[in-house]
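What follows is a set of notes on a single structure, which appears directly below.
Numbering (full-length UniProt numbering), first residue to last: 1 to 100.
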């Protein structure tokens, strides 16, 4: 019997493969994006370091917040000054928004 983490990892690999078929890497290289934040540096910037997690659902509990608005939640978290943010990105298990 597979653990939930194994199922999530397997499913994520399938999502990535599908995303690569729909939008090849070469087409993504020309897209303007925000700079990537340094996770480790963020942890060392504030003491104690708080990791803020944003997710709409969990595999064990289902939907956590029906009125999920990631932009509003991120603005609230930013005012709380966490060291780093985590956004769990699996569509099936955490109900992430598909961006393809």
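Just so you know, even glycine gets a beta-carbon here, dropped at the ideal spot from N, CA and C.
Small disclaimer: the values here were computed from a predicted structure and weren't measured.
Secondary structure at residue i, three-state DSSP: helix, strand or coil?
{"i": "residue 31", "result": "coil"}
{"i": "residue 50", "result": "coil"}
{"i": "residue 15", "result": "helix"}
{"i": "residue 8", "result": "helix"}
{"i": "residue 66", "result": "coil"}
Roughly how many angstroms lie between the CA atoms of residue i and residue j, to the nearest whole one?
{"i": "residue 55", "j": "residue 76", "result": "14 Å"}
{"i": "residue 15", "j": "residue 9", "result": "10 Å"}
{"i": "residue 42", "j": "residue 24", "result": "31 Å"}
{"i": "residue 34", "j": "residue 60", "result": "32 Å"}
{"i": "residue 53", "j": "residue 12", "result": "18 Å"}
{"i": "residue 49", "j": "residue 71", "result": "22 Å"}
May I ask you to list the residues that DSSP assigns as paired with residue i?
{"i": "residue 42", "result": "Its beta-bridge partners do not exist; DSSP assigns none."}
Give me, in chain order, the residues of the same chain whose beta-carbon lies closer than 7 Å to that of residue i; leave out the 5 immediate sequence neighbours on both sides.
{"i": "residue 36", "result": "none"}
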